[in-house]
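Quick note: the sequence shown uses our numbering, first residue 1, plus one each step. Even for Gly, the Cβ is constructed at its ideal location relative to N, Cα and C. First the structure, in the form of structure tokens, and then the observations on it.
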Amino acid sequence: MSDSLEDLENSSQSHEVSLSENNDSTPPQEGSEVTRPQPTDVVRLHSLPQMYRTWFLDYASYVILERAVPHIEDGLKPVQRRILYAMQLFENGHLHKVAKIVGQTMAFHPHGDASINDALVQLGQKGFLIDTQGNWGNTLTGDEAAAGRYIEAKLSSLALEVLFDSKLTEWKRTYDGTADEPVALPVRFPLLLAQGAEGIAVGLSSRIYPHNPKELLEAAIAYLRGESFELYPDFPTGGLLDVDKYNDGHRGGALKCRAKIEKIDDRVLSITELPFGKTTTSLIESILKANEKGKIKIKHIDDMTAATADIRIQLPAGVSTDKTIDGLYAFTDCEVGLSPNACVIKEGTPVFLGVSDLLKYSADRTKELLVAQLNYRLGEVQDALVTASLERIFIENRIYKDKPFEEAACEADALDHVRKRIEAMEDLVFVRPITEADLKRLLEIKMARILRFNIEKHEERIAQLMRDARTIEKHLAHSTQYTIDYYTRLLKEFGAGWTRKTTIARFGTIEATKVIEATEKLYFDREGGFAGTGLKNAEFVAECSLLDEMIVIFRNGTYRISKIEEKKFIGRGEVLYINRFRRNDNRTIYNIIYRQGKRGPWLIKRCSITGISRDKDYNLISDEEGSRITYFSANPNGEAETVRIALKPQPRMRVLTFEKSFSEVPIRGRGAKGNLVTRAEVQRITLKQRGASTLGGRKIWFDRDVMRINYNGQGEFIGEFEAEDRLLVFAKDGSVYTTDFGESNHFPGGTTRVEKFDANKVWSVVYFDKEQDYYYLKRCQIEDSKKPILLQGEGNDLVAYSDVPYARFALIFGGRDEDRPSEEIEAVDFIGVKSIRAKGKRLTTREVAKIEELPPLREPEPTSDTSLESDEYDFSMSQEEEMEEEGLKQTSLFDHELE
């Protein structure tokens, strides 16, 4: 990039020289003959390529270097730098009208008040460098700031601390040559990464996302210590951020940012944090558009945003909140993709770097600036030491009373006398050589000061200056540690308000076809051969959406997959099956019996159709002419039914009917030929019995990173689920509920456990009852309901829960009972199994500091089936033995009752 710019600049410069040589602008002298340019010269001077190369390159270079792309030295664009410098010129701790600041900045910025006002408002909204007062707009809603005559601003404490130092600033003349302005501010803070920057130049753009200032300073300290660090963006609007492909902010990296959506109840969702770059207004518009297109279903939406974002979404009855959340991420601006492009101006050239490179450059530059500050402060201390030492020598030795000094004819003679007197004194050592300026300052001492000269105070001042010099020299010798201490001081002074707002997370991929609301209905007109969502009086097929596809299977064994439309012709006649099609669905199994050709055998097969090109005919059976499907069923979970096949009677035929179970047929690819059923003529095939799935249970995993379940092996394996099985979910707040194992389920952030629900499992639960101010233990079985009550009473805290049969807990006492030894309790011996609504049994009346679960001391005995067949062993008793056994039983019962 830089090479091409330099080449173009060189070519434009050489081009300008040729223009000046061939188009002399010197006015003709009187009486001289004016030579008119030839037509060829006119064409050459005004040709389009010539103008493009000369003027457009100048314009592009100016926009890149002076307007759109930030400079790496201070992280500011020119307009931002000029605003801050103008504010520093009249900084007095008081607020100033924005209109006044804009007017002051116009002395340095040649592009009018509108661009200055917009840049100032953006700086104020970021909240780092400018303290504001008045209506500065709302970044959450997108509301604009009030006019500059109504709002006020001043530099923040952070800006005054890290931005300015005139002795470290390089200066240049302003655009009109009437004043000086900074080339770059001596910023001692990673400002570029803290504020972020975005700009579009000519053929070039820059996009650097804001980062958390506290994390930036901690990363800078780690870098100076030689430690590793990681940096990820932190947006002022919060949200969730997937940084798996961030690539350190280099070009080609990618981010996914989501709004934070919370469930208020079964019918209301609330968006409390926004994706970067979105406002509540733009977000609501995208939600309404998705609702109008039928991709999601909402009843009403309200913007209740004030200091924090709050978009309330009310859902119609029967609409899943989980599915709606997925739909919001898939079809609205609740999820956005971000592409970092860290382009900055470095040494007058645009370069592309990563955020780590930018932070390292900032830390190194801060160290250089702090060292420069120390050096000039050391110089000031040394100047003060030399001045104080010369002053004492001048006064104590009464050089001002010397006759050559008093009678000196000029200043030079007086200074020459003073120099000779000082050089004549032995054992005098100065921190630096004496200059002419040092001697001139002696001539400025007033007699009143000489008369009030105090040796003790002077020695104290000299000692303090020596201590200051040694401290500065120590800092210079340990400049890295000095920079670390400087960053640490900034953290202590300003870091309290720099909490991270954006949550780092990892998102699963949401398939639009799985989460789109089925707001349409698919119909089929058999007589006309049309299928679609606009045929209201035709045969209803399935609920669907406009993103779905349909599969059509014909009697001759061909099938076709097409996008669902309002009305589509699929063919008249022998349509065997039509339905909504799900790609990559390998659990929907098609059971088929067909005849191969007109006089061939009958074959049976089972297969799935997972994916295929649209609007193209494929064969599901043999392509031999006359082949036809005689029995067909579509099974969503791989069910295998049993059919009865009746044959046409023939001479000497013994078997006229027989049964065939599809469970005996393996599932093969859709192109498989199938197995032989019979070669005889089939009269009729009827369903005898529906069967169960032959695919087995579905294996489920729980991925804690995204708090979702999946079927592809990510996360913790939960188990194999049949159709009737349920999930059991525990949350940190003590709530527990059961749900199905659909992929669209969302689990809240406080979810602690997800497992296969077992209604017979006994749980031992320890909780703190706030009303009674005691800890309780209960043992219960959890019911299969939407939200069974595990903890009785409002605000109770769940302490521990266990499904171990012989669960044990240790009570560790505190407070006044701190010296008491801990107590161990086995739940089985402490309390029996009660209802889930039971309160349980109080553990202790003493003050408890902590309760811990202990490993069990025993395991349940394995159950064994000891029953034996009666025909192998005879356990019959004689009448006397029976009476004796009965008597023993009665005696045992009687004794128990007496006790």
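Three-state secondary structure assigned by DSSP to residue i
i    : result
I516 : coil
D703 : strand
W763 : strand
K474 : helix
H111 : coil
A338 : Reading the sequence as shown, one finds Leu at residue 338 and not Ala. Strand, per DSSP.
L647 : strand
R82  : helix
S622 : coil
N291 : helix
Q133 : strand
N247 : helix
T324 : helix
E681 : coil
Y774 : strand
R668 : strand
Alpha-carbon spacing of residue i relative to residue j, whole angstroms
i    : j    : result
L465 : A197 : 44 angstroms
L269 : I313 : 5 angstroms
T435 : T488 : 39 angstroms
A119 : C334 : 27 angstroms
E273 : K501 : 9 angstroms
F569 : E144 : 53 angstroms
I64  : Y175 : 17 angstroms
G508 : V706 : 6 angstroms
N537 : Y523 : 8 angstroms
Q104 : G127 : 21 angstroms
L443 : L185 : 38 angstroms
G671 : R628 : 15 angstroms
M304 : S822 : 51 angstroms
A909 : C544 : This structure gives no information on residue 909, because the portion of the chain shown stretches from 1 to 899.
E882 : V804 : With a pLDDT of only 38 at E882, under 50, the local geometry of the prediction cannot be trusted, and the value read off the model is given with reservation. Cα-Cα distance, rounded: 41 angstroms.
G93  : Q195 : 23 angstroms
S735 : E639 : 36 angstroms
K446 : P70  : 52 angstroms
L57  : V202 : 9 angstroms
D244 : R506 : 7 angstroms
I592 : F747 : 40 angstroms
H111 : R258 : 37 angstroms
T610 : L76  : 54 angstroms
E426 : T169 : 41 angstroms
Y329 : I510 : 8 angstroms
E716 : I504 : 21 angstroms
Residues that DSSP places opposite residue i in a beta bridge
i    : result
H96  : A153
H300 : Q314
L185 : Answer is none; L185 lacks a bridge partner.
F730 : V736, R753
R560 : V552
W171 : P182
D525 : F530
K270 : One detail in the question is off: residue 270 reads as Ser in this sequence, not Lys. In the DSSP output, where bridge partners are listed per residue, S270 has E262, R312.
C-beta neighbour in chain B for residue i, strict 8 angstroms
i    : result
I593 : Of the chains in the structure shown, none is chain B; there is only one protein chain.
Cβ distance (whole Å) where residue i is taken to contact residue j below 8 angstroms
i    : j    : result
G697 : E722 : 5 angstroms
A153 : V79  : 15 angstroms between Cβ atoms; not a contact.
F352 : C343 : 5 angstroms
G557 : K598 : That pair is no contact at about 13 angstroms.
Q650 : A680 : 7 angstroms
I836 : E755 : Rounded, the Cβ-Cβ distance is 17 angstroms, inconsistent with contact.
V848 : G814 : 7 angstroms
#### Entry: Sufficient close CB pairs (3 or more, under 8 angstroms) joining the segment 210–228 to the segment 492–502
yes
### Query
With contact counted as at least three CB pairs below 8 angstroms, one residue from each stretch, are the segment 351–358 and the segment 438–458 in contact?
no
### Task
Count the CB pairs spanning the segment 619–639 and the segment 583–591 that are closer than 8 angstroms, and state whether there are at least three.
yes
### Query
Is it true that the segment 246–265 meets the segment 469–483, where meeting means three or more beta-carbon pairs spaced less than 8 angstroms apart?
no
### Query
Can we say the segment 187–204 touches the segment 358–373, given the rule of at least three CB pairs closer than 8 angstroms?
yes
### Query
At a cut of 8 angstroms, does the segment 295–304 reach the segment 515–528 through at least three beta carbon pairs?
yes
### Task
Could you tell me whether the segment 410–418 touches the segment 447–457, using the rule of 3 or more Cβ pairs below 8 angstroms?
no
### Message
Check whether the segment 702–717 and the segment 655–667 are in contact - that is, three or more C-beta pairs closer than 8 angstroms.
### Response
no
### Message
Would the segment 603–620 count as touching the segment 547–563 if we require 3 or more Cβ pairs under 8 angstroms?
### Response
yes
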